[in-house]
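A.B. asks: Sharing a structure, written as C-alpha cells. Questions coming.
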C-alpha cells in the first residue's frame, strides 16, 4: 500500500510537493494536511485508486521498518495492521481511506528513524526522540483530568534502523533488532514498558533474530549469521539481567520456528547424512539447552505451538502435525494438499 500511495502522489506536481514536505517534516500538521488533500484529489478523480486502497486496507499489513507502533499502551505487533477496514463509497467513506493513506505516508517518512513508539489509544503518531538516550521524551497529559490524552506519545526508544521483533512479558518490552547492513551484531534489549527506560542490552552473534519467546524468567531467541539464514544458534537469556544462560548451534544450517512450554524449547532444524537432508522437530531442555528428543519429518518445521501435552507444528507444504510430548509419538497429521497420506513417524 505504501508503494501505491507513494507512486500515485509522485505522478503529479502537487503530489510530489506534498510528499517532499511530509518526508522533510513528518510531524508538521500542515505537511500532513497537504498530503491528505493531495491524496483526496487523486481518490476523487480515480475510482480505480479508491478500489485498490480498499483492497489493500482489508487484506494486507504495512511493514514499518525501524519503528514499531504500540497502541493503547500495550504491545500490538512489529507489523502495523491497517485492516480490515470497510467503508462506503461516499465522501466520508473515502476520507477514511485518505486518512489511512496519510498514515502510510507518515510511516514512510519514519523509515530512516529507528525506534519503538508507544501511544495511548487513538493511534496518532508522536514525535522523534532527540539524542537517542532511550528516555521518555514527552510528559503524558490528561483530558479533563480523566486520564491520558488520546493519541499522546508516552515514550519512544531509539535503536538501529532495521527490522525488529517484539515480545512483551511482566511489564517489559523485549526488542530483538537485526544488525545494520549485515556488518554489526544483532541485539536483544529489554525496555521498561511504563517508562521507556532500557533495562539491559545484549549483543548476539548473527545478523538477524527471531521474535523472542519469554517463559519462566528466560527469553529465548534464535539467530542466523547470514542473509541466507545459515549458521543459526538458539539462545536463552535471563529475562531480568540479559545474561546468556546457554546457546547451542543448529544441528543443521539454521533453526526454524520457536516455542517454549513446560520446561522445553521446541525448534525445527535438520541434519545431513550421506548427502541427504533429514528434517526434525527438536526438543531442548529449556534450562540447559540439551537435546531431549527429536521427531523426524519430511520437510522444514515451522510455527510450533504447545498445548495440553501436545506440540503442534506445520511443515512448508502446509501439513499440520500433532505429537504427544510424553510418548513422543505422532498423534495425527492433517494434510492441506492432495498428495498421498504422510506415514506415521516416531521419535529418534
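Numbering (full-length UniProt numbering), first residue to last: 1 to 348.
Note that the Cβ used here is the ideal one computed from N, Cα and C, for glycine as well.
On a predicted model such as this, the values are computed, not experimentally measured, just so you know.
(1) With the cut-off set at 9 angstroms, would you say residue 234 and residue 209 are in Cβ contact?
(2) Count the other C-beta atoms from every protein chain shown that fall within 10 angstroms of the C-beta of residue 59, then say buried if there are 16 or more, exposed otherwise.
(3) Could you check the C-alpha separation between residue 232 and residue 335 for me, to the nearest Å?
(4) What would DSSP say about residue 42, mapped onto helix, strand or coil?
(5) Taking 7 angstroms as the limit between beta carbons, can you name the residues of its chain near residue 324, skipping five residues before and five after?
(6) Three-state secondary structure (DSSP) at residue 308?
(7) Would you identify the three-state DSSP class for residue 250, choosing helix, strand or coil?
(8) What does the alpha-carbon distance come out to for the pair residue 155 and residue 189?
(9) Compute the Euclidean distance between the alpha carbons of residue 402 and residue 316, then round it to the nearest angstrom.
(10) How about residue 254 and residue 224: are their beta carbons less than 9 angstroms apart?
(11) Report buried or exposed for residue 47, applying the criterion of at least 16 other Cβ atoms within 10 angstroms of its Cβ.
(12) Tell me, please, which residues DSSP counts as bridged to residue 215.
(13) When you compare only the Cα positions, how much space is there between residue 250 and residue 322?
(14) Would you kindly work out how many angstroms separate the C-alpha atoms of residue 194 and residue 285, rounded to a whole number?
(15) From which residue to which residue does the beta strand (DSSP E) around residue 238 run?
(16) With DSSP as the reference, label residue 163 as helix, strand or coil.
(17) Per DSSP, residue 296 is paired with what?
C.D. replies: Taking the geometry as given:
(1) For the purposes of this step, residue 234 is taken as the residue at position 234 of the chain shown. For the purposes of this step, residue 209 is taken as the residue at position 209 of the chain shown. It is not a contact, given that the beta carbons lie outside the stated cut-off.
(2) Position 59 of the chain shown, counting from 1, holds the residue named residue 59. With a pLDDT of 46 at residue 59, under the threshold of 50, the modelled position of that residue is not reliable, and no figure is offered here.
(3) Numbered from 1 along the chain shown, position 232 holds the residue referred to as residue 232. Numbered from 1 along the chain shown, position 335 holds the residue referred to as residue 335. Rounded to whole angstroms, residue 232 to residue 335 spans 29 angstroms at the Cα level.
(4) Along the chain shown, read from residue 1 onward, the residue named residue 42 stands at position 42. Helix.
(5) Locating residue 324 in the chain shown gives position 324, counting from the first residue. Counting only Cβ-Cβ distances below 7 angstroms, and skipping sequence neighbours, we find 309, 310, 331.
(6) Residue numbering aside, residue 308 sits at position 308 when the chain shown is read from its first letter. The answer is coil: DSSP assigns residue 308 none of H, G, I, E or B.
(7) The sequence position of residue 250 within the chain shown is 250, counting from 1. If DSSP states are grouped into helix, strand and coil, residue 250 belongs with coil.
(8) Here the question's residue 155 lines up with position 155 in the chain shown. Here the question's residue 189 lines up with position 189 in the chain shown. Approximately 16 angstroms, taken between the alpha carbons.
(9) As shown, the chain starts at 1 and ends at 348. That puts residue 402 outside it, with no answer to give.
(10) As a working note, residue 254 is residue 254 in the chain shown. As a working note, residue 224 is residue 224 in the chain shown. It is a contact, given that the beta carbons lie within the stated cut-off.
(11) Within the chain shown, the letter at position 47 stands for residue 47. The residue in question, residue 47, is exposed, as its Cβ has fewer than 16 Cβ neighbours within 10 Å.
(12) Position 215 of the chain shown, counting from 1, holds the residue named residue 215. Beta-bridge pairing links residue 215 to 218.
(13) Position 250 of the chain shown, counted from the first residue, corresponds to residue 250. Position 322 of the chain shown, counted from the first residue, corresponds to residue 322. In this structure, the CA atom of residue 250 is about 23 angstroms from the CA atom of residue 322.
(14) Along the chain shown, read from residue 1 onward, the residue named residue 194 stands at position 194. Along the chain shown, read from residue 1 onward, the residue named residue 285 stands at position 285. Going from the Cα of residue 194 to the Cα of residue 285 covers about 32 angstroms.
(15) Position 238 of the chain shown, counting from 1, holds the residue named residue 238. Per DSSP, residue 238 belongs to the beta strand (DSSP E) from 233 to 238.
(16) Taking the first residue of the chain shown as 1, we reach residue 163 at position 163. Residue state, collapsed to three classes: coil.
(17) Indexing the chain shown from 1 puts residue 296 at position 296. 280.
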